[in-house]
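Peer 1: Here this note's numbering is used: the first residue of the sequence shown is 111, the next is one more, and so on. Sending over a structure as structure tokens; questions will come in a sec.
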Amino acid sequence: MPPWKVKFPYWRKDRHPTGEPGTTGSREAHQAQSTPNTADHVAGETPGSTPSEESAFGIKVLVPGGTPLIDIVAVHGLDGHREKSWTADNGVLWLQVLLPEHIPDARVLTYGYDARTRSSEHLTHQTLYGHSESLISALSLHRRKTKTERRPIIFLAHSLGGIVVKSALIHSNMAGISHNEHLKAIKLSTYGIMFFGTPHQGTDSASWGKVLANVASIFRHTSTAILEHLERDSEWLETQLGQYNSISSEFRTIFCFESYPTPLPAGNSMMMVSRASAVVPGMRDAESVEIRKDHINLVKFRSSSDNDFQTVVDHLSLLCESAKDKVAQNWQHWEEIKALTAETWLNDFEIPAVVSYDRNPNFIGRTKDLDYIHDFLDDVQQEKRRSVPLVLYGTGGIGKTQLVREFLFAHTAMFSSIVWIDARNQQNIHTSFVRFLQKLLDSYVSKSGVTPPPYLRIAQHLRISGLVGEGGQITTDSNALDRIVSACLQWLERKGNTRWLLIFDNVDDLETFDVSDFFPGRKQGCILVTSRRPECRSLGEGWKVEIMEMQESIELLSKSYCRTIEESDNDYEEAKHIVENLGYLPLAIHQAGSYMFMLQKPLRAFVPLFEENFNRTLSKKLPPALWQYGQDTVVTTWEISFEAIRKRDPVAAFLLLLCSFLSNNEISVDFLRRGMVVPPLEFTYLAERSTDSNIVNTLQAVDIDDRLSTLFSFSLADRKRGDSFSIHPIVHWWARERLSAEEGEKLAASALLMIARATKSLQSRDLNTDREVIQHIRVCDNLCKKKIAWGAHYNIEEFWEKWFIFGEMYGAQGHSAEGEDMLKRALAGCKVLKPDHCIAPLVVSRLGLLYYQRGQLEEAEKMWNQALAGYKKVLEPDHSYTLEVCRT
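Now the structure itself:
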């Protein structure tokens, strides 16, 4: 036999003494005013069920309200009634009569469920949890029907009706987007709950199940299903309702507890739900309120003057005032969660392009390059051509990066996302990918619209779980870099993500790493590469960025100089001269114009300044706020390349410096190769004076093509048609100006020897060959005059043979004045020879021939007579040299 049957062996047929306490709240008044009445019922009810009782289930609107802003929902306890349980013994249903006067903007609803315990024929077989499901379903249906799903709710729950409400809210909380979402609305809209004598827990002297049984036992003919459920499954209920603790802090809670014991049969009484059971200590946003009534009369008020009514209505009013904003926040958060759960935004590949630089106001022309880039990438997007990287290559300072930036400003809309990778080295590549992934994360946070940001979910989606901190910052730990790069590449490979542009800028280090390792495996977007290295063409489709046109160059100079230069201006010729000197190189022109503007110098002053101090002129740049090229200047961009060459191939670096003392145009590889063959005696001489004897030693067997390929690779030299190459004039100038005085002197002398050897060894000559040789001789000679301190480290006489070779070459090409100068130098050098050496008469003879060709016959005859006298002293009369002079 269940314990409750042992404790209560009989049930009275008449009603239990209950009543409404007076306004004084005294125990005596309460006892005096108590009248017999079955708990939760009014007098006059019969034991049987009637049609009117059957219709008292579900939701009933007691007060529709004028312009209701809130729903107040009352839920009775066991053996209760949706109206009678809230009606005092004087017939006042306070929810309907008294409450509207104090809270006029509330719609008041009451809920009835079949919790009858009086009739043995109609005992409910529903459990408390079943009633909670019915409550949430009925209330949701009514609010959906009346289009009030988002209106705030405040529950009033009496006795075990509080357990029904808690279970209903748990049930509502378990609903989701794909599972009874309409039921979720009840929990989202619930702001507060006022519990009246609800046994939330056991006490020190009684278990929770016993407390529940005590409450149920005051009703005669109590439902066997209800009591056995309370007895048998109290532990299950306790566990199940424990789930309520996880959501309880989301509601404002008022615990109302009884002050007086409830009368029982045979004149006994009992405190049905003590404060210890009715009030949950430590619950957030909760407070307790004493009601000076017994358990049955906790929710019955005779008039507005009842002190307990005033207490309840005051609390209820405050709840109503605060409910609107909080419930609105609940719904906003739910919409954010729905958006997050739906995750449609995670499949949005539109990442706003954020550029860290302003558009270059000095950008000029380049229409052909811009059109080609656009057409190429557009064809890739339209699948009209194979998706391969487009490689823009050219010498440093030619404007590759600025070209790409200008393209992006004009055509950003072509791409869903733009990934800019600084590819100077692996460290910069990793940093760039970290920066992009951070932008990707921030973009998804913005798209989600969720507060607080769903960093963990986004990190999971991007496959970087554990790499995102609480504040949304991606870790830069070196151990995580490979994962970060992999996450970025996987994102670019995702299905549907086909309109991205991945840019690798300054791919100049091809020895340390392979940039293609950082390409997505599935090339479904566009890849753009900029490099000084022509070899990068093997990565895809190559496009060489050439120097600017003359008019474009002058326009760029005009903008950089901040003055208009028209063709009719006096400055126009000066401007032409400047851009020609600068080899139509955009970065050099921009620097030169900016430098002259800063000095406030006229254009005609540039060339003298340039020749006087190359490095100062082309190392100056505007303040950072106005300079569009970061740390780059013409000088720095080439120094980086040169240092890379020197580390990789010192001989190639030496060769570049040596060639800076030749003419920069049309340098024949064969001419250079002949000049590298050093005779034993000259090798000793050169090694003693060289900056590096090991390099000179290497030159004896140097493979010129291999060395030049290194220079071509870094765009510091450019192969021309046939077997020749050229060096950009500014690179040519810079290579010399970077040398110390001692280095410049040694290299100038080396170049002079090299030209003489090459000229002397020519087996066949034609007009073009002689013209090339003369260009080299003229450039080298002029530079030697500036670089070599004759008489200090080098004796001009020691070069007599070189002057003789050059003099003959000049004379053969009709450059008699320069030929005369060279032959006179050779003649002066003959003083170091022995008196019986035949070379002096030969030089004099060649001078005579040169004078003869110029029509200076007297001078010619004088030279030949002198040559003949010399030959007779050192040679036989029939020697070819002697006979030649005689015939002449």
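Note that CB positions come from ideal geometry on N, CA and C, so glycine has one too.
Which whole-angstrom value is the C-beta distance of aspartate 650 and valine 501, which I expect to be below 8 Å?
Peer 2: Here residue 650 turns out to be glycine, not aspartate, going by the sequence shown. Indeed they touch by this definition, with Cβ atoms about 6 Å apart.
Peer 1: Could you check the C-alpha separation between aspartate 485 and glutamate 291 for me, to the nearest Å?
Peer 2: About 51 Å.
Peer 1: From glutamate 969 to valine 889, what does the alpha carbon distance come to, in whole angstroms?
Peer 2: Rounded to the nearest angstrom, the two C-alpha atoms are 29 Å apart.
Peer 1: Tell me, please, whether the segment 244–264 touches the segment 429–437 by the rule of three or more beta-carbon pairs shorter than 8 Å.
Peer 2: As far as the Cβ criterion goes, the segment 244–264 touches the segment 429–437, which means the pair count is three or higher.
Peer 1: From the DSSP output, in three-state form, read off leucine 203 for me.
Peer 2: Leucine 203: strand per DSSP, three-state reduction.
Peer 1: For a test of the three-state rule: what should DSSP assign to threonine 300, helix, strand or coil?
Peer 2: Strand, per DSSP.
Peer 1: Can you tell me the Cα-Cα spacing of phenylalanine 411 and threonine 372, whole angstroms?
Peer 2: When rounded, the distance between both Cα atoms is 17 Å.
Peer 1: Could you tell me the distance, in whole angstroms, from the CA atom of threonine 586 to the CA atom of valine 544?
Peer 2: So the alpha carbons of these two residues sit roughly 7 Å apart.
Peer 1: Between histidine 700 and asparagine 470, what straight-line distance do the alpha-carbon atoms span, to the nearest angstrom?
Peer 2: Straight-line Cα distance between these residues: approximately 11 Å.
Peer 1: What three-state label does DSSP hand lysine 730 in the structure shown?
Peer 2: Because the pLDDT of lysine 730 is 48, which lies under 50, any placement of that residue in the model is unreliable, and the question is left without a value.
Peer 1: With DSSP as the reference, label asparagine 616 as helix, strand or coil.
Peer 2: It is coil, neither helix nor strand.
Peer 1: DSSP beta-bridge partners for serine 432?
Peer 2: Its beta-bridge partners do not exist; DSSP assigns none.
Peer 1: Where are the alpha helix (DSSP H) runs, 4 residues long or more, that stay fully inside the segment 243–297, in chain order?
Peer 2: Qualifying alpha helix (DSSP H) stretches, in chain order: 271–284.
Peer 1: Let me know the secondary structure DSSP gives leucine 978 once reduced to three states.
Peer 2: In the structure shown, leucine 978 sits in a helix (DSSP, three-state: H, G or I).
Peer 1: Which same chain residues end up closer than 7 Å to isoleucine 777 when comparing Cβ atoms and leaving out the 5 residues on each side of it in sequence?
Peer 2: Within the same chain, isoleucine 777 has close Cβ partners Cys769, Ser834, Phe835 and Ser836.
Peer 1: From this set, Gly506, Met393, Arg534 and Asp418, which residue's C-alpha is nearest phenylalanine 822's C-alpha?
Peer 2: Residue Gly506 is the option with its Cα nearest to phenylalanine 822.
Peer 1: Take valine 390 and list the residues in its own chain whose beta-carbon comes closer than 6 Å to its own, dropping the five residues that flank it on each side.
Peer 2: Once the five neighbours on either side are set aside, the close Cβ partners of valine 390 are His310.
Peer 1: At a cut-off of 6 Å, would you count valine 625 as near the ligand GTP, judging by its Cβ distance to the nearest heavy atom?
Peer 2: Because no ligand of any kind appears in the structure shown, any question about the ligand GTP cannot be addressed here.
Peer 1: So, does the segment 813–828 touch the segment 759–768, judging by three or more C-beta pairs under 8 Å?
Peer 2: Yes, they touch.
Peer 1: Tell whether a beta-carbon distance below 7 Å holds between leucine 1084 and isoleucine 528.
Peer 2: Beyond the ends of the chain as shown, which are 111 and 998, falls residue 1084; an answer cannot be given.
Peer 1: DSSP beta-bridge partners for methionine 380?
Peer 2: Beta-bridge pairing links methionine 380 to Thr372.
Peer 1: Note down the Cα distance separating glutamate 853 from asparagine 774, rounded to an integer number of angstroms.
Peer 2: Going by the C-alpha atoms only, they are around 19 Å apart.
Peer 1: What does a CB cutoff of less than 6 Å around tyrosine 554 pick up in its chain, not counting 5 residues either side in sequence?
Peer 2: The residues are Ile568.
Peer 1: Given a threshold of 16 other Cβ atoms within 10 Å of its Cβ, counted over all protein chains shown, does valine 443 qualify as buried or as exposed?
Peer 2: Note that residue 443 corresponds to histidine in the displayed sequence, not to valine. Flag for histidine 443 reads exposed.
Peer 1: Using 10 angstroms around the beta-carbon of serine 556, count the other beta-carbons present and answer buried if the total reaches 16, otherwise exposed.
Peer 2: So serine 556 ends up on the exposed side.
Peer 1: Could you give the first and the last residue of the continuous beta strand (DSSP E) run that contains lysine 170?
Peer 2: Run containing lysine 170: 168–173, per the beta strand (DSSP E) assignment.
Peer 1: Check the DSSP bridge columns for lysine 610 and list the partner residues they point to.
Peer 2: With the sequence shown as reference, residue 610 is identified as tryptophan, and lysine is not the correct amino acid for it. According to DSSP, tryptophan 610 bridges with Ser527.
Peer 1: Valine 655 and glycine 504 - do their beta-carbons sit closer together than 7 Å?
Peer 2: Contact: yes.
Peer 1: Quick check on threonine 801: does DSSP put it in helix, strand or coil?
Peer 2: Any reading at threonine 801 needs caution, since the residue's pLDDT is 49, under 50, leaving its predicted position unreliable; the model's value is listed next. Residue state, collapsed to three classes: coil.
Peer 1: State the Cα-Cα distance for the pair arginine 829 and glutamate 882, rounded to the nearest angstrom.
Peer 2: Computed Cα separation, rounded: 16 Å.
Peer 1: If you draw a straight line from the C-alpha of serine 955 to the C-alpha of arginine 935, how long is it?
Peer 2: The alpha-carbon atoms of serine 955 and arginine 935 are separated by roughly 14 Å.
Peer 1: Check cysteine 672 in the structure and name its three-state DSSP category.
Peer 2: Coil.
Peer 1: When the Cα atoms are used, what is the spatial distance from methionine 658 to aspartate 931?
Peer 2: Their backbone Cα atoms lie some 39 Å apart in a straight line.
Peer 1: Starting from tyrosine 354, trace the alpha helix (DSSP H) both ways and give me its first and last residue.
Peer 2: Neither: tyrosine 354 is in no alpha helix (DSSP H) and is coded neither H nor E.
Peer 1: Counting only the same chain and skipping the five closest in sequence on each side, list residues whose C-beta sits under 6 Å from that of lysine 297.
Peer 2: Cβ within range, chain order: Leu279, Ser282 and Asn283.
Peer 1: In this structure, does DSSP put serine 136 in helix, strand or coil?
Peer 2: Below a pLDDT of 50, predicted positions are generally treated as unreliable, and serine 136, at 43, falls in that range; the measurement from the model is reported next regardless. Coil, per DSSP.
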